[in-house]
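Enquirer:
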Amino acid sequence: MAMNSASEGFLTTRLDEIIGWARRNSLWPMPMGISCCAIEMMAFAGPRYDVARFGSEAFRFSPRQCDLMIVAGTVTYKMSHVVRKIYDQMPDPKWVIAMGACTSTGGMYRSYSVVQGIDQFIPVDVYVAGCPPRPDNLLKGLMEVQKKIARGEKPGQAEKVYITETA
Amino acid sequence: MTPDELRAQLTEKFGTLIESVTVYRGETTVVAAKTCIADLARFLRDDPACQFNSLRDVCGADYYRPGERYEVVYNLYSLPHKTRLRVKVRVGEDDLHVPTVSHVWAGANWAERETYDMFGIQFDGHPDLRRMYLPEEFEHYPLRKDFPLMGIPGSLPLPRK
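Those sequence lines, one after another, are chains A and B.
Be aware that the first sequence starts at 5, since it is given in this note's numbering, and climbs by one per residue.
Be aware that the second sequence starts at 994, since it is given in this note's numbering, and climbs by one per residue.
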């Protein structure tokens, strides 16, 4: 963020930048924990990996208070309507992380009942690989969302970010 | 009760409606005509020597053959005697109706709904035969052998983007 401190006691900046700074350091996740990835999402929120370092410790169970949806798990066709409804209830600007293989591509569930990638019905900003991804990879995904906000990108429109699995 | 005693008892009571009683690797299987399944269920539950008071599961099987294509399999367990029994009935493609056993074992209610959901077998007399897992408006039965693995495009709608 470009800031100029004119003298002791105050500084000047652009309004967009200060709002972006506030937004990216207080992303409130909607824990859309559908299956086993949700366990790693809990580790990501817990004390060992500690997402509070990035300002996202306030998991909200009401979509109206969230601006980051972490879809963690296998989305079936029947569940897809619920995911979409919750996404629609979140206030703008809202971001989506597709966590894990199932969410991103259907994963090992190559089957009639599983949606082969949630980007078929909601816009995704960051894809995190893994089955399930390690919590530190999900932290990387969160940091990529923060970078997107810092660059002033619009949700769901800029280039997607793909977090690959670490060895 | 040994399998031989069971065979004798069932044949005495149900006659030709019992197709076979076989033992394979210590597992007893009864194949019966579907018309007698409700009476057979009640007998197996209430007879003091059987007491199969727990219905562990009801499932279907599709052998994809002419004639009696489907089977409905009932897995029973007797808590007093600690014995297991498998009961099978064969169902033809032209008549997908089997009498319900949900009034004998209440646990059959959801298990029969699941079998209906996956194979399209109708359980006559079931109190609430609706789909279990798939959406209500879905028109196919996915565990049938002629259902494609990736489903039928457009049969399960996605939300608008």
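Where a beta carbon is used, it is the ideal one built from N, C-alpha and C, also for glycine.
1. One question on the structure: do Gln3 of chain A and Arg28 of chain A come within less than 8 angstroms of each other, judged by their Cβ atoms?
2. Are the CB atoms of Val1094 of chain B and Ala1034 of chain B nearer to each other than 8 angstroms?
3. Spatial neighbours of Thr80 of chain A within its chain, please: CB distance less than 8 angstroms, with the 5 preceding and 5 following residues excluded, ordered by chain position.
4. Go through its chain and collect everything with a Cβ distance to Asp1121 of chain B's Cβ below 8 angstroms, but skip five positions before and after it.
5. Considering only residues of the same chain and omitting the five flanking positions on each side of Asn1046 of chain B, which have a CB-CB separation below 7 angstroms?
6. Since Cys1052 of chain B sits in a beta bridge, which residues does DSSP pair it with?
7. Which complete beta strand (DSSP E) runs does the segment 114-163 of chain A hold, if anything under 3 residues is left out?
8. Please classify Arg52 of chain A: does DSSP put it in a helix, a strand, or coil?
9. What is the C-beta distance between Tyr1067 of chain B and Leu1048 of chain B, in whole angstroms, given that I count them as a contact (C-beta under 8 angstroms)?
10. Using beta-carbon positions only, say whether Trp32 of chain A and Cys70 of chain A come within less than 8 angstroms of one another.
11. Whose Cβ in chain B lies nearer than 8 angstroms to the Cβ of Val119 of chain A?
12. Could you name the residues of the segment 81-110 of chain A whose beta carbon sits closer than 7 angstroms to any beta carbon of chain B, in the order they occur along the chain?
13. Report the neighbours of Gln124 of chain A on chain B: residues whose CB is nearer than 8 angstroms to its CB, in chain order.
14. Look at the alpha carbon of Thr1028 of chain B and the alpha carbon of Ala42 of chain A, and state the distance between them as a whole number of angstroms.
Expert: Reading off the structure:
1. This structure gives no information on residue 3 of chain A, because the portion of chain A shown stretches from 5 to 171.
2. yes
3. In chain order, Ser117, Val118, Val119 place their CB closer than 8 angstroms to the CB of Thr80 of chain A, counting only its own chain and leaving out the 5 sequence neighbours on each side.
4. Asn1102, Arg1106
5. Arg1038, Ser1071, Leu1072
6. B:Val1066
7. Correct list: 130-132.
8. Taken through DSSP and simplified to helix, strand or coil, Arg52 of chain A comes out as coil.
9. Taking a contact as a CB-CB distance under 8 angstroms, the pair Tyr1067 of chain B and Leu1048 of chain B counts as one, their CB atoms being some 7 angstroms apart.
10. yes
11. By Cβ distance, chain B contributes Leu1151.
12. Tyr81, Lys82, Ser84, His85, Arg88
13. Leu1151, Lys1154
14. 47 angstroms
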